[in-house]
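Engineer: In this note's numbering, the protein residues as written are -18 to 387. The beta-carbon is built from N, C-alpha and C at its ideal position, and this holds for glycine as well.
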């Protein structure tokens, strides 16, 4: 195996391939769509809701706390995914979303809200980890990029319709009804999972000893290059989640979920081809292109003091994310040991959550409801994205690169 195995799947071939669109794969994608919509439909309304509770100065914690517990839970979800099975761990994530939706109206205080954001984060700490491992189990390696791109398309569909529907529900009904609708979508995701077959062959029964985590269970050194790129490139997304709802309203976009809907639709459209391109031309090249577009989108959004400019930035952000995301996911799986796919995916998601959380925390701390600071935040995020590009230029010279680690 040569030094280029990190960019092109090892067993890529030219033979006609069977369709990847099996019943199991389609059920998985539908469950992920509903799961994604469940927690994303809350995001545009949470900053204003927290302000109404008297917690405006804590806006940066809305995403930061969520991603904190998501990151903390990754080593556990990776270990559980590799031992007790993929399907049970996916179900845990959806169950957390279901429960939290009902609790938000009951714990209507700043401290109660922040506590629930902390608990809610466990949902994304579990389900996506097991989902990515499940995809790698049921799809040939030569089509991982395509499959993860299609799955990401479905997940992103939830991201697109969730915020827009969530804002519409809040406008026409109430924030409490929004929370209950979030729970309903999570329940539908759970019902779908009960009809899916387990793919882990060597399953072990649950044991409390599995909660003992060693340092080797936390990070998969094989996939650290993908983790570094993920961490840096997702910091801008955390900032966007924190400041764009207020910025959208300031420049005259009534539906605060519109930016998210537009960038996600753009991401959906590009994912139809992005995954296949990474299968054929290599992950690293595709990731570089995606991150470069993300940097440009942040500059456009920062200068976007009109609805047209801001939504143009949203389109570019969606295109960049839609190109980079499935390639990063597939690159992670390429670099991993098949026996430890759960740990490898968990490592990538730890980086993702850390990036989103750090970006949200820094943006929220700097923002402090001073609208003039939002463009500066976005310009800084563009510079951060360029750091990811710089790393992609030198990653083979880092201590974590080995030519045979895929």
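Out of 326, 231, 357, 151, state which residue places its alpha-carbon closest to the alpha-carbon of residue 107.
Structural biologist: The shortest C-alpha separation from residue 107 is found at 326.
Engineer: Can you tell me where the alpha helix (DSSP H) holding residue 315 begins and where it ends?
Structural biologist: Unbroken alpha helix (DSSP H) run through residue 315: 288 to 316.
Engineer: Which same chain residues end up closer than 7 Å to residue 204 when comparing Cβ atoms and leaving out the 5 residues on each side of it in sequence?
Structural biologist: Taken in chain order, the residues that qualify are 313, 316, 317, 325, 328, 329.
Engineer: Tell me, to the nearest whole angstrom, how far the beta carbon of residue 55 is from that of residue 268; I am working on the premise that it is less than 8 Å.
Structural biologist: That pair is no contact at about 21 Å.
Engineer: Suppose contacts are defined by Cβ-Cβ distances below 8 Å. Is residue 321 in contact with residue 63 by that definition?
Structural biologist: Yes, the pair counts as a contact, with Cβ atoms nearer than the cut-off.
Engineer: Are the CB atoms of residue 272 and residue 366 within a distance shorter than 8 Å?
Structural biologist: Yes; because the gap between Cβ atoms is below 8 Å, this pair is in contact.
Engineer: Taking only the alpha-carbon atoms, compute the straight-line gap between residue 369 and residue 361 and give it to the nearest angstrom.
Structural biologist: Cα-Cα distance, rounded: 13 Å.
Engineer: Suppose you measure from the CA of residue 255 to the CA of residue 166; what does that come to, to the nearest Å?
Structural biologist: Whole-angstrom Cα-Cα distance: 28 Å.
Engineer: What does the Cβ neighbour count give for residue 192, buried or exposed, with the cut at 16 atoms within 10 Å?
Structural biologist: Burial call: exposed.
Engineer: Measuring CA to CA, which of 61, 98, 283 is closest to residue 184?
Structural biologist: The shortest Cα separation from residue 184 among 61, 98, 283 belongs to 61.
Engineer: When we look at the beta-carbon of residue -11 and count the other beta-carbons within 10 Å, is it buried (16 or more) or exposed?
Structural biologist: Note that residue -11 scores 44 on pLDDT, short of 50, meaning its location in the model is unreliable and no value can be drawn from it.
Engineer: Please state whether DSSP places residue 349 in a helix, a strand or coil.
Structural biologist: If DSSP states are grouped into helix, strand and coil, residue 349 belongs with coil.
Engineer: With a threshold of 7 Å, establish whether the CB of residue 145 neighbours any heavy atom of the ligand MN.
Structural biologist: Absence of the ligand MN from the depicted structure is noted, as is the absence of any ligand whatsoever, leaving it without description.
Engineer: Reducing DSSP to helix, strand and coil, say where residue 144 ends up.
Structural biologist: Here residue 144 sits in helix by DSSP.
Engineer: Once DSSP output is grouped into helix, strand and coil, what is the label at residue 83?
Structural biologist: In this structure, residue 83 counts as helix in the three-state DSSP scheme.
Engineer: Any idea what DSSP makes of residue 203, helix, strand or coil?
Structural biologist: Reduced to three states, the DSSP call for residue 203 is helix.
Engineer: Where residue -5 and residue 347 are concerned, what is the direct C-alpha to C-alpha distance, given to the nearest angstrom?
Structural biologist: In this predicted model, residue -5 has a pLDDT of only 43, less than 50, meaning its place in the structure is not dependable enough to derive any value.
Engineer: Over the uninterrupted alpha helix (DSSP H) stretch that includes residue 94, give me the two end residues.
Structural biologist: Here the alpha helix (DSSP H) through residue 94 covers 91 to 119.
Engineer: Using 8 Å as the Cβ pair cut-off and three pairs as the minimum, do the stretch 17 to 26 and the stretch 285 to 292 touch?
Structural biologist: The stretch 17 to 26, when compared against the stretch 285 to 292, does not touch it at the 8 Å Cβ threshold.
Engineer: Per the contact definition of three or more C-beta pairs closer than 8 Å, is the stretch 134 to 149 in contact with the stretch 91 to 108?
Structural biologist: Output reads no: the stretch 134 to 149 does not touch the stretch 91 to 108.
Engineer: How would you write the range of the alpha helix (DSSP H) that residue 13 sits in, first residue to last?
Structural biologist: Note, residue 13: alpha helix (DSSP H), 4 to 21.
Engineer: Quick one: residues in its chain with C-beta nearer than 7 Å to the C-beta of residue 102, no 5 flanking neighbours on either side, listed in chain order?
Structural biologist: 46, 47, 48, 49, 50, 51, listed in sequence order.
Engineer: Between residue 304 and residue 270, is the Cβ-Cβ spacing less than 8 Å?
Structural biologist: Yes, these two residues count as a Cβ contact at 8 Å.
Engineer: Using the rule of at least 16 other Cβ atoms within 10 Å of the residue's Cβ for burial, across every protein chain shown, is residue 130 buried or exposed?
Structural biologist: So residue 130 counts as buried.
Engineer: Taking residue 77 and residue 100 to be in contact with their CB atoms under 8 Å, please state how far apart those CB atoms are, rounded to whole angstroms.
Structural biologist: With 8 Å as the limit, residue 77 and residue 100 qualify as a contact, their Cβ atoms being about 7 Å apart.
Engineer: Give the DSSP-derived three-state secondary structure of residue 188 in the structure shown.
Structural biologist: Three-state result, residue 188: coil.
Engineer: I need the DSSP call for residue 236, collapsed to helix, strand or coil.
Structural biologist: It is coil, neither helix nor strand.
Engineer: Could you tell me the boundaries of the alpha helix (DSSP H) in which residue 268 lies?
Structural biologist: 264 to 283 is the span of the alpha helix (DSSP H), which, as asked, contains residue 268.
Engineer: To the nearest angstrom, how far is it from the Cα of residue 157 to the Cα of residue 86?
Structural biologist: The alpha-carbon atoms of residue 157 and residue 86 are separated by roughly 6 Å.
Engineer: Taking C-alpha atoms, which residue in 245, 264, 226, 233 lies nearest to residue 17?
Structural biologist: If we check each option's Cα against that of residue 17, 245 comes out closest.
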